[in-house]
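Numbering-wise, the UniProt record's numbering puts 99 at position 91 of the sequence shown, and it's gapless, one number per residue.
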Amino acid sequence: RPRVLSGIQPTADSFHFGNYLGALRQWVDLQEEHQPFFFIADLHAITVEQDPKVLRQRTLRAAAQLLAMGIDPDRSAIFVQSQVPEHAQLGWVLQCLTGFGEARRMTQFKDKSAKGGEGAASVGLFTYPILQAADILLYRPAYVPVGEDQRQHLELTRDLAQRFNSRYKKTFRLPEPYILKATAKITDLQDPTSKMSKSASSPSGIVEMLDEPNVSAKKIRSAVTDSGSEVRFDAEEKPGVSNLLTIYSALTGREIPDLEEQYAGRGYGDLKKDLAEVVVDFVTPFRARTLELLDDRTYLTEVLRRGAEQAGAVAAGTLRDVYDRVGFAAAG
Ligand code: AQP
């Protein structure tokens, strides 16, 4: 079975609909026919300042949410990045293979450092995509399920894999991004031309998976819609309505033309009211299941320990090959 690999940062109390529809839902589906490695990216989280106590709590919350959404620990290795030291170790080797100018071209660093200025950003934030390349390449996956915002990082990963393979010896598999076009960029409910983002969106622009269901419903009902009144998918002319239709379609499995037909001659209000109900039906059991899992820390810790053990075995094998090929002397 081909391997898949992906990660998510534990930098909020809850995942949001962008994370879920853009990436996490695909994680669940890919378990069927692949061998998955899914990790909670705590090394990435500290590229910006974190409160240690909160980071630890959020790591467990992330694990609980992954299990609640259907990641099955018997089929997928779920682990915490810092518990598999090979990520940081391969990260260093790949940093030495990356050009400074090449790293500078990463737009996410430009966006994320724009607010405080480049000088205030950590070096870790700058080298983040290289660590991400290490995260991926260690497992030699065929696919990496992510949202559109990660496409550039995936290209860097492929470039670094190719460079290593040609400079030394074929070691890495070139992974393919697995990006579902329909949900690749879920947008902010209040600013539907920007992506829904935990750091950039206002609280009313972002639907959190663990929001109280009535809070989620209210956010959907207050979403910004566009001029006109026709419920029609048109990402350019009607980004707000199109985003709502995307979410509606993704959560119900109904095709967008079918939804357009249902709302023909009816206003945006009806669409939002119905979608609010769909969202409540979806988040209510998810929230209950997550909170239940969070009550059993022993189980969560055991799942993560087992995941780290499985991941570590694969990662150690790859790192051994890498160290040998770059010319590090064997420890004996
Ligand atoms: N709006 C989105 N639409 C589609 N996919 C998205 N992802 C994030 N936002 C959207 C995907 O979620 C996965 C986890 O990403 P992450 O842990 O790197 O989270 P993130 O990118 O930090 O999430 P945010 O909200 O976008 O955080 P900030 O604001 O800090 O950048 C990835 O696969 C990502 O593509």
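Idealized CB from N, CA, C, for every residue including glycine. Since this is a predicted model, take the numbers as computed values, not measurements.
(1) From what residue to what residue does the alpha helix (DSSP H) around Gly261 run?
(2) Report all residues from its chain with a CB closer than 7 angstroms to the CB of Leu253; omit the five preceding and five following residues, and keep chain order.
(3) Can you list, in chain order, the residues of its chain with a C-beta nearer than 6 angstroms to that of Ala20? Leave out the 5 residues immediately preceding and following it.
(4) Using 8 angstroms as the threshold, is the segment 124 to 135 in touch with the segment 168 to 182, meaning 3 or more CB pairs across them?
(5) Closest by CA to Asp303, which one among Leu68, Glu269 and Pro60?
(6) Looking at the structure shown, is Gly127 part of a helix, part of a strand, or coil, going by DSSP?
(7) DSSP beta-bridge partners for Glu216?
(8) Please determine whether the Cβ atom of Gly26 lies at a distance below 7 angstroms from any heavy atom of the ligand AQP.
(9) Quick one: grab the DSSP three-state call for Lys193.
(10) Taking Leu13 as part of the beta strand (DSSP E), name the residues at either end of that continuous run.
(11) Straight-line CA distance for Gln160 to Gln39?
(12) Is the CB-CB distance between Thr298 and Ala72 below 8 angstroms?
(13) Taking the C-alpha atoms as reference points, what is the distance between Gly127 and Ala111?
(14) As a quick exercise: from Ala96, Tyr28, Ser209 and Gly320, pick the residue whose alpha carbon is nearest that of Asp50.
(15) Give the range of the beta strand (DSSP E) segment to which Phe117 is assigned.
(16) Rounded to whole angstroms, what's the CA-CA distance from Lys123 to Ala338? Just pull it up for me.
(17) May I ask you to check if the CB of Met217 is nearer than 7 angstroms to at least one heavy atom of the ligand AQP?
(18) Got a sec? Which residues, its chain only, sit under 7 angstroms from Phe180 by beta carbon, not counting five neighbours each side?
(19) Using only the alpha-carbon positions, how far apart do residue 5 and Phe87 sit?
(20) Answer yes if the segment 50 to 60 comes into contact with the segment 282 to 296, meaning at least three C-beta pairs across the two stretches below 8 angstroms, and no otherwise.
(21) Determine the closest residue to Ala225 out of Asp234, Gly236 and Ser212, with distance taken between C-alpha atoms.
(22) Could you tell me the alpha carbon to alpha carbon distance between Lys227 and Lys281, rounded to whole angstroms?
(23) What separation, rounded to the nearest whole angstrom, lies between the Cα atoms of Ala70 and Thr292?
(24) Throw me the rounded Cβ distance for the Ser237 and Gly275 pair, which I believe falls under 8 angstroms.
(25) Tell me whether Ile16 counts as near the ligand MN, meaning its Cβ is closer than 7 angstroms to at least one heavy atom of that ligand.
(26) Considering only residues of the same chain and omitting the five flanking positions on each side of Arg33, which have a CB-CB separation below 8 angstroms?
(27) Below 8 angstroms between beta carbons: does that hold for residue 397 and Met217?
(28) In this structure, how does DSSP classify Gln39 when only helix, strand and coil are distinguished?
(29) How would you write the range of the beta strand (DSSP E) that Ile54 sits in, first residue to last?
(30) Measuring CB to CB, does Val239 end up less than 8 angstroms from Leu279?
(31) Nearest to Arg9 by alpha carbon, out of Ser84, Ile16, Phe47 and Ile48?
(32) Note down the Cα distance separating Pro81 from Pro44, rounded to an integer number of angstroms.
(33) Out of Gly155, Asp329 and Ile79, which has the shortest C-alpha to C-alpha gap to Lys189?
(34) Just tell me which of Glu244, Pro153 and Tyr186 has its CA closest to the CA of Thr195.
Taking the structure as given:
(1) Where Gly261 is concerned, there is no enclosing alpha helix (DSSP H), given that its DSSP letter is neither H nor E.
(2) Phe241, Ile264 and Leu267
(3) Lys206
(4) Taking 8 angstroms as the limit for Cβ pairs, the verdict is that the segment 168 to 182 does not touch the segment 124 to 135.
(5) Nearest option by C-alpha distance: Leu68.
(6) The answer is helix: DSSP assigns Gly127 an H, G or I state.
(7) DSSP output for Glu216 lists His24 as bridge partner(s).
(8) yes
(9) In the three-state scheme derived from DSSP, where H, G and I count as helix and E and B as strand, Lys193 is classed as coil.
(10) Arg11 to Ile16
(11) Distance between the alpha carbons of Gln160 and Gln39: 25 angstroms.
(12) yes
(13) Cα-Cα distance, rounded: 16 angstroms.
(14) Ala96
(15) Element bounds for Phe117: not the beta strand (DSSP E) but the alpha helix (DSSP H), Thr115 to Ala122.
(16) 45 angstroms
(17) no
(18) Leu145, Arg148, Ala169, Phe172 and Asn173
(19) This structure cannot speak to residue 5, because the chain is shown only from 9 to 340.
(20) no
(21) Ser212
(22) 11 angstroms
(23) If I take the Cα positions, the gap works out to 17 angstroms.
(24) 5 angstroms
(25) Ligands displayed in this structure: the ligand AQP; the ligand MN is not among them.
(26) Met77, Thr191 and Ala258
(27) Outside the shown range of the chain, which is 9 to 340, sits residue 397, and nothing can be said about it.
(28) DSSP places Gln39 in the coil class of the three-state scheme, outside both helix and strand.
(29) Premise fails: Ile54 is in no beta strand (DSSP E) and is neither H nor E.
(30) yes
(31) Ser84
(32) 10 angstroms
(33) That would be Gly155, whose Cα lies nearest to the Cα of Lys189.
(34) Glu244
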